[in-house]
Amino acid sequence: MRANHTQKTILLQTIRIFLVLLVMSALVTATLKYYFVSRHQQFHFTNTFAHQQKQVNNLLQLMQQRLIIAHDVARWKWNKKLPIEDRQREQELIAKVRQQAIVYNIHPDTVTAFFQGQIEAGKQIQKADFQAWQRQGIKFFTNTPDLKKNIRPSLDKLNEEFFPVLAEVIPSLGCSSVRESIQSRAPIVLKGNGIEQNVQRTALAPLLEIKGASCPEASP
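Spelled out as structure tokens, the structure:
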């Protein structure tokens with residue numbers, strides 16, 4: 010009887026040890042799974058955030074390049090004694106970018122607002138140039154690029170470069186990190202001759218005032 014009792018005791022102890030080990034194994038497995046999932050999510054979020062920052066920087070650089078070209082446009086118009094406003098050209102540009110927006114799966118109204126902002130910002134630079142040249146008594150500029158042969162083709166090429174970047178930035182404009190990045194990087198990247206704060210605000214407004222923007226890549 011005593012031998013049987015001892016055997017039962019050993020068996021129960023063995024079962025208890027087995028159950029404890031089983032529970033501990035499950036806990037370790039769950040902990041490791043949580044750790045690796047968290048690490049993967051963090052890695053994915055870090056990569057996504059870095060990519061978003063890069064695209065914001067690319068967008069601001071393109072905007073800066075476009076605004077700088079406004080000085081060449083102003084000089085050509087000044088030489089030809091033409092007005093800054095060119096509604097026909099603006100309408101043609103807007104019609105073209107709306108078509109391109111469809112190709113890149115961007116809402117045409119969003120693209121229209123963005124390019125209208127860039128056009129208005131460019132005109133602000135041109136108006137400031139005209140006022141300065143009038144005060145300085147400047148009559149004519151030499152070696153000015155031709156608007157139709159040189160400047161507009163450069164602008165058209167630059168406009169096309171916006172679309173791959175806009176296609177990535179616009180869907181993330183609901184992310185606070187992206188909007189904060191635009192606001193913090195703009196004074197650093199979006200600068201140059203004639204790009205004053207009022208010009209920056211006009212150019213950036215369509216991005217910061219976009220309605221219904223979401224944040225597809227929220228932090229874990």
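By this note's numbering, the letter at position 6 of the sequence shown is numbered 15, and the numbering carries on one by one without gaps.
Note that the Cβ used here is the ideal one computed from N, Cα and C, for glycine as well.
Where does Arg48 land, buried or exposed, given buried means 16+ other C-beta within 10 angstroms? The residue you call residue 48 lines up with position 39 of the sequence shown. Residue confidence is low: Arg48 scores 49 on pLDDT, short of 50, so the model does not pin down where it sits. Its coordinate-derived value is still stated next. Exposed: under 16 other Cβ atoms inside 10 Å.
Return the chain-ordered list of same chain residues with a C-beta closer than 6 Å to the C-beta of Pro215, the five sequence neighbours on each side being excluded. Within the sequence shown, the letter at position 206 stands for residue 215. Closer than 6 Å at the Cβ level, and outside the excluded window around Pro215, lie Ala122, Phe123 and Gly126.
Please return the same chain residues whose Cβ sits closer than 8 Å to the Cβ of Arg210, not counting the five positions on each side in sequence. Your numbering for residue 210 matches position 201 in the sequence shown. Here the set comprises nothing.
Along the chain, which unbroken stretches of the alpha helix (DSSP H) at least 4 residues long are found entirely within the region 113–182? 117–145 and 161–178
Are Ile147 and Pro154 touching if we call contact CB-CB under 8 Å? As a position in the sequence shown, residue 147 is number 138, starting the count at 1. As a position in the sequence shown, residue 154 is number 145, starting the count at 1. No; because the gap between Cβ atoms is not below 8 Å, this pair is not in contact.
When every heavy atom of the ligand ATP is checked, does at least one fall within less than 7 Å of the C-beta of Thr151? No copy of the ligand ATP appears in this structure; indeed no ligand is present at all.
Please state whether DSSP places Pro92 in a helix, a strand or coil. As a first step, residue 92 must be located in the sequence shown, where it is residue number 83. Three-state DSSP puts Pro92 in coil, outside helix and strand.
Using a Cβ-Cβ distance cut-off of 8 Å, determine whether Ile128 contacts chain D. Absent from the structure: chain D. Only one protein chain is present.
Leaving out five residues on either side along the sequence, give the residues of the same chain with a beta carbon under 7 Å from the beta carbon of Phe149. Counted from its first residue, the sequence shown places residue 149 at position 140. Excluding positions up to five away in sequence, the list reads Asn88.
Once DSSP output is grouped into helix, strand and coil, what is the label at Asn66? For the purposes of this step, residue 66 is taken as the residue at position 57 of the sequence shown. Looking at Asn66 - three-state DSSP - the assignment turns out to be helix.
Tell me whether Leu86 sits in a helix, a strand or coil according to DSSP, three-state version. If you number the sequence shown from 1, residue 86 lands on position 77. According to the sequence as given, residue 86 is Lys; it is not Leu. Lys86: helix per DSSP, three-state reduction.
Could you spell out where the alpha helix (DSSP H) holding Ile197 opens and where it closes? Counting from 1 along the sequence shown, the entry for residue 197 is found at position 188. Counting along the chain, the alpha helix (DSSP H) containing Ile197 begins and ends at Ser185 to Val198.
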